[in-house]
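One structure is given below, encoded as structure tokens.
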Amino acid sequence: MEENKKWHFRTEELCVGYGQQQVLAQVNLQVEAGEILTLIGPNGAGKTTLLKTMIGQLPALEGVVYVNQRAYEDFSAKEKAKETAVVLTTPIRTEYMTVEEVVAMGRYPYTGRFGVLGSRDKKIIEEVMEQTHILQWKWHNYQNLSDGQKQRVLLARALCQEPKLLILDEPTSYLDLGYKVAFLSLLQKLARQKEMAVIVSMHELDLALRIADQIACVYQGKIQSFGLAEEVCEAELMEQCYGLPKDSYIQNYGTAELNKPEGEPSIFVFGGAGTATPFYRQLQRTQQAFRTGILWEEDLDYPVAKALAEEVISLPAFSPLTEEALQKVREVLAVSREIYCTLPLERYGIHAKKIGILLEEVERKKKIIKVYQF
Amino acid sequence: MRKRSHIVIGTLVFLCMVLFLCNIAIGTVYISISDLFAMLKGGVGLATQKEIILEIRLPRAIAAGVLGGGLALSGYLLQTFFHNPIAGPFVLGISSGAKLSVAAMLIIFLQRGLSVGSVGMILAAFFGAMLSMGIVLIFSVFVEKMGTLIIAGIMISYICSAITECMITFAEDSNIVNLHHWSQGSFSGTSWEHVRSMTVLIGVTFLFVIAMGKSIAAYQLGEGYAQSLGLSVIRFRVTLVIFSSLLAACVTAYAGPISFVGIAVPNVVRFCLRSEKPVPMMVCSFLGGAVSCLGCDLLARVAFAPTELSISTVTAIFGAPIVLWIMLRRRKES
Chain A
1 MEENKKWHFR TEELCVGYGQ QQVLAQVNLQ VEAGEILTLI GPNGAGKTTL LKTMIGQLPA
61 LEGVVYVNQR AYEDFSAKEK AKETAVVLTT PIRTEYMTVE EVVAMGRYPY TGRFGVLGSR
121 DKKIIEEVME QTHILQWKWH NYQNLSDGQK QRVLLARALC QEPKLLILDE PTSYLDLGYK
181 VAFLSLLQKL ARQKEMAVIV SMHELDLALR IADQIACVYQ GKIQSFGLAE EVCEAELMEQ
241 CYGLPKDSYI QNYGTAELNK PEGEPSIFVF GGAGTATPFY RQLQRTQQAF RTGILWEEDL
301 DYPVAKALAE EVISLPAFSP LTEEALQKVR EVLAVSREIY CTLPLERYGI HAKKIGILLE
361 EVERKKKIIK VYQF
Chain B
375 MRKRSHIVIG TLVFLCMVLF LCNIAIGTVY ISISDLFAML KGGVGLATQK EIILEIRLPR
435 AIAAGVLGGG LALSGYLLQT FFHNPIAGPF VLGISSGAKL SVAAMLIIFL QRGLSVGSVG
495 MILAAFFGAM LSMGIVLIFS VFVEKMGTLI IAGIMISYIC SAITECMITF AEDSNIVNLH
555 HWSQGSFSGT SWEHVRSMTV LIGVTFLFVI AMGKSIAAYQ LGEGYAQSLG LSVIRFRVTL
615 VIFSSLLAAC VTAYAGPISF VGIAVPNVVR FCLRSEKPVP MMVCSFLGGA VSCLGCDLLA
675 RVAFAPTELS ISTVTAIFGA PIVLWIMLRR RKES
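In order, the protein sequence lines correspond to chains A and B.
Each residue of the first sequence is one higher than the last, beginning at 1 in our numbering.
Each residue of the second sequence is one higher than the last, beginning at 375 in our numbering.
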């Protein structure tokens, strides 16, 4: 740990749980102002418990939470409210509250005994609604908004507290893709702009990879891994943590293919340049085992091929096509009943020509079915 | 927005005044409004009329207004507490708990020839109310579903009522006639001393509760959010329970258990206001409770005169359909 760095939020040997039951132990996490820390991990791993402890709604079993270099438990309730704001998963059940009223509740720690809003409060409410693009719904009934709109209102409410630390529990879970992307883009922009430290738990690994400056993976009672997104979300840990079949996790995209078709592969697919991915999935849907090649390891088709094909004949990235690989394909083709080609050879360069020669050679004995997806 | 709440408050104040005057004027002896004003101004008029007004109808009307307001306010607080519009002091068994403990105390004291003052009655009622509330709260820890909780409340209420009836049936006859009447819910026989103490108690509680408006607004967002805003949720909940029980206890001590006002009024008021801001809600619930109890008491006295109905009979006729309407609306939304 870098002691000299001024972390805005830091936990030290934090141990969380309910009463006697310990859920997570030895949690050491840090976030800087303006940075986003994302918590990932399977259902029931303890993400929400950890978040609740971080915001002081659950007492820590052991260890300390530091906010702004100060032990968080020493903050008064009001100081906490001015420092930290939350977006929770529990829905707000109101019948007639307007969007503006919900947002204005964020000024609670700043208003007086009777909660009357001053001119500064009103200005901030207006500003925040502008920044979160909800000003046009100001007078709408909160309850009539869509989930995506509601979530933005809740973000605005949290921002009204002028927090330096913002904690969100699965804020994107019920949103459609458009709202997910819009919400996270907004969150990222506001985190930088307002220099807030943000801690957000999510299930969408693909989006976590995009938004997180740092990721912590919560699994089996501890933080399995904490660091840069690419380091944490490596295939082996993700497959283990989410119980995925081997090779099904596609690291760069934070997503996974469905199960690999079983059985003796009698199909061979000539793929490459991303042309074969839809066809691989089509074979997966009908549960037909297949082999594929020749793929270079940087090819767009490669991760899906690794996940779904029984065997992938591949070459290291940027290496020339070798006779050895071609020979291997010949052997495989000899035992294949159906041969498909998704690669429009005329569109690709020198390597394709060699494959074209191979295809012509094969075509003299067997039929090649051309499936062009593009 | 603001206009709507002004209209609602204005209407309620107007209705309150009209019904108040009607309650004083109408009865087995009709006293015209002009006579009434003359009497209040200069004190001219028949002695019997004056006595009817000053000693019977006026305290009774004030009691109906104040207690009705207190009851509706208690209902509002309980609905806030449980985040559920079908909560109220009667359905949760709080009124019946208060009734049981007041009845028990009255019987014990009367048998020994002791008299019971307002303070004693209210203390007994508060004790009973807190006891029922405690049982309901213990249930609420184990039962997540609000419907089940309400059923628990209704069962508690039946048990308490049954015990009360038992005690009344087997107690010495002479003093019990009034008690029986009271245990059904009635504003009759309210004395000025009672009016004074109930007004002070409910008035003070009202002010305290209005001062809690800010916290109530935060609590409406849910406990997690309320806590993150700096509200001490546990302390707030305890205060809410105490105030709502106190209000319900006070009403029960003086007028017996009154059904439906506590549930129905805050809901109707919320619907009219189209808002959930706590302060307007509480002011309007109070006024609405006063209006409904004044109206229902008038009907109870006048409908089958000279026979008087119990107040709950009348409130049930109006209140029960409203509760059904609330449930239908909720079903549609969820």
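Where a beta carbon is used, it is the ideal one built from N, C-alpha and C, also for glycine.
**Q.** Closest residue to A/K52 among B/T564, B/S602 and B/P631 (Cα-Cα distance)
**A.** Translated into positions along the first sequence, residue 52 of chain A becomes position 52. Looking at the Cα atoms, B/S602 is the closest of the given residues.
Q.
Could you compute how far the alpha carbon of A/F374 sits from the alpha carbon of A/S201?
A. For the purposes of this step, residue 374 of chain A is taken as the residue at position 374 of the first sequence. For the purposes of this step, residue 201 of chain A is taken as the residue at position 201 of the first sequence. For A/F374, the predicted model reports a pLDDT of 49, less than 50, meaning its position is unreliable; a value from the coordinates is still stated below. C-alpha separation (whole angstroms): 38 Å.
Q: Below 6 Å CB to CB, which residues in the same chain sit around A/E2 once its five sequence neighbours on both sides are set aside?
A: What you label residue 2 of chain A is simply residue 2 of the first sequence in a count that begins at 1. A caution first: A/E2 carries a pLDDT of 49, below 50, which makes its placement in the model unreliable, though a value can still be read off. There are no such residues.
Q) What residues from chain B crowd round A/L88, counting only those whose CB sits closer than 7 Å? A) Counting from 1 along the first sequence, the entry for residue 88 of chain A is found at position 88. Ordered by position in chain B, the residues that pass the 7 Å Cβ test against A/L88 are G598 and Y599.
Q. Is the stretch 269 to 277 of chain A touching the stretch 226 to 236 of chain A in the sense that three or more CB pairs, one from each, lie closer than 8 Å?
A. no
Q) Hey, out of B/L668, B/C658, B/I542 and B/F516, whose CA is closest to B/A646's CA? A) For the purposes of this step, residue 646 of chain B is identified with residue 272 of the second sequence, where counting begins at 1. Per the sequence shown, the amino acid found at residue 646 of chain B is Cys instead of Ala. Nearest C-alpha to B/C646: B/C658.
(Q) Against chain B, which members of the stretch 64 to 85 of chain A pass a CB distance test of less than 9 Å? (A) S76, A77, K78, E79, K80, A81, K82, T84 and A85
Q.
Contact criterion: CB-CB distance below 9 Å. Does A/F374 meet it with respect to chain B?
A. Working through the first sequence from its first residue, we reach residue 374 of chain A at position 374. Confidence at A/F374 is low in this model, with a pLDDT of 49, below 50, so its placement is unreliable and the value that follows should be read with caution. By this cut-off, A/F374 is not an interface position.
(Q) Three Cβ pairs or more, each shorter than 8 Å: is that satisfied between the stretch 139 to 154 of chain A and the stretch 580 to 587 of chain B? (A) no
Q: Taking only the alpha-carbon atoms, compute the straight-line gap between B/I427 and B/L497 and give it to the nearest angstrom.
A: One-based indexing of the second sequence puts residue 427 of chain B at position 53. One-based indexing of the second sequence puts residue 497 of chain B at position 123. The alpha-carbon atoms of B/I427 and B/L497 are separated by roughly 30 Å.
Q: Could you run through the stretch 572 to 592 of chain B and flag, in chain order, every residue whose CB is less than 8 Å away from some CB of chain A?
A: A585, G587, K588, A591 and A592
**Q.** Interface partners of B/G443 on chain A, CB under 7 Å
**A.** Sequence index remark: in the second sequence, residue 443 of chain B carries index 69 (1-based). Neighbours of B/G443 on chain A: none; closest Cβ ~21 Å, over 7 Å.
Q.
Given a cut-off of 9 Å on the beta-carbon distance, is the pair B/I398 and B/G467 in contact?
A. As a position in the second sequence, residue 398 of chain B is number 24, starting the count at 1. As a position in the second sequence, residue 467 of chain B is number 93, starting the count at 1. Cβ atoms of B/I398 and B/G467: not closer than 9 Å.
Q.
Quick check on the DSSP output: the alpha helix (DSSP H) that includes B/T579 runs from which residue to which?
A. Reading the second sequence from its first residue, position 205 is the one you call residue 579 of chain B. Counting along the chain, the alpha helix (DSSP H) containing B/T579 begins and ends at W566 to A585.
Q. In chain order, which continuous runs of the alpha helix (DSSP H) of length 4 or greater are located wholly inside the stretch 144 to 188 of chain A?
A. 147 to 159
Q: Below 9 Å between beta carbons is the criterion; list the residues of the stretch 274 to 298 of chain A that meet it against any residue of chain B, in chain order.
A: none
(Q) Which same chain residues end up closer than 8 Å to A/A395 when comparing Cβ atoms and leaving out the 5 residues on each side of it in sequence? (A) Any answer about residue 395 of chain A is impossible in this case: the structure gives chain A only from 1 up to 374.
Q: Would you mind telling me which residues of chain B sit closer than 7 Å to A/I124, beta carbon to beta carbon, in chain order?
A: Counting from one through the first sequence, the residue named residue 124 of chain A turns up at place 124. What A/I124 touches in chain B: nothing, since even the nearest Cβ is about 15 Å away.
Q: From the DSSP output, in three-state form, read off A/K328 for me.
A: Residue numbering aside, residue 328 of chain A sits at position 328 when the first sequence is read from its first letter. Note: A/K328 maps to helix in three-state DSSP.
Q: Mind checking which residues open and close the alpha helix (DSSP H) that includes A/E230?
A: Along the first sequence, read from residue 1 onward, the residue named residue 230 of chain A stands at position 230. A229 to V232 is the extent of the alpha helix (DSSP H) around A/E230.
Q.
Three or more C-beta pairs under 8 Å: does that hold for the stretch 10 to 17 of chain A against the stretch 168 to 186 of chain A?
A. no
**Q.** Proximal residues, the stretch 551 to 571 of chain B versus chain A, C-beta separation under 8 Å
**A.** none
Q: Just mark B/Q485 as buried or exposed, buried being the case when its beta carbon has 16 or more other beta carbons within 10 Å.
A: Walking along the second sequence from the start, residue 485 of chain B turns up at place 111. By the neighbour-count rule (16 or more Cβ atoms within 10 Å), B/Q485 is not buried but exposed.
Q | Whole-angstrom C-beta distance between A/T342 and A/V371, which should lie under 8 Å | A | Counting from 1 along the first sequence, the entry for residue 371 of chain A is found at position 371. Counting from 1 along the first sequence, the entry for residue 342 of chain A is found at position 342. Confirmed, about 5 Å.
Q) Any Cβ of chain B within less than 9 Å of the Cβ of A/Y437? A) Lying before the first or after the last residue shown, residue 437 of chain A is absent from chain A, which here runs from 1 to 374.
(Q) What would DSSP say about B/S379, mapped onto helix, strand or coil? (A) What you label residue 379 of chain B is simply residue 5 of the second sequence in a count that begins at 1. DSSP places B/S379 in helix when its eight states are reduced to three.
Q) DSSP three-state call for A/F290: helix, strand or coil? A) Residue mapping note: residue 290 of chain A aligns to position 290 of the first sequence, counting from 1. Correct three-state label for A/F290: strand.
Q. Is any beta-carbon of chain B found at less than 9 Å from that of A/R113?
A. In the first sequence, counting from the first residue as 1, residue 113 of chain A sits at position 113. Chain B, which has a Cβ nearer than 9 Å to the Cβ of A/R113, makes this yes.
Q) Can you find a CB in chain A that lies within less than 9 Å of the CB of B/L603? A) Against the second sequence, residue 603 of chain B aligns to sequence position 229. With 9 Å as the cut-off, B/L603 counts as an interface residue toward chain A.
**Q.** Residue ranges of each beta strand (DSSP E) within the stretch 12 to 58 of chain A, 3 or longer
**A.** 21 to 27 and 36 to 40
Q. Any Cβ of chain B within less than 9 Å of the Cβ of A/E101?
A. Position 101 of the first sequence, counted from the first residue, corresponds to residue 101 of chain A. Yes - at least one Cβ of chain B is within 9 Å of the one on A/E101.
Q: Below 7 Å CB to CB, which residues in the same chain sit around B/A694 once its five sequence neighbours on both sides are set aside?
A: The sequence position of residue 694 of chain B within the second sequence is 320, counting from 1. Here the set comprises F634.
Q | Cα-Cα separation between A/E239 and A/I211, rounded to whole angstroms | A | For the purposes of this step, residue 239 of chain A is identified with residue 239 of the first sequence, where counting begins at 1. For the purposes of this step, residue 211 of chain A is identified with residue 211 of the first sequence, where counting begins at 1. Approximately 21 Å between the Cα atoms of the pair.
Q) Relative to the C-alpha of A/E62, which residue among A/K328, A/F290, A/Q188 and A/V23 is closest? A) Working through the first sequence from its first residue, we reach residue 62 of chain A at position 62. Minimum Cα distance to A/E62 is reached at A/V23.
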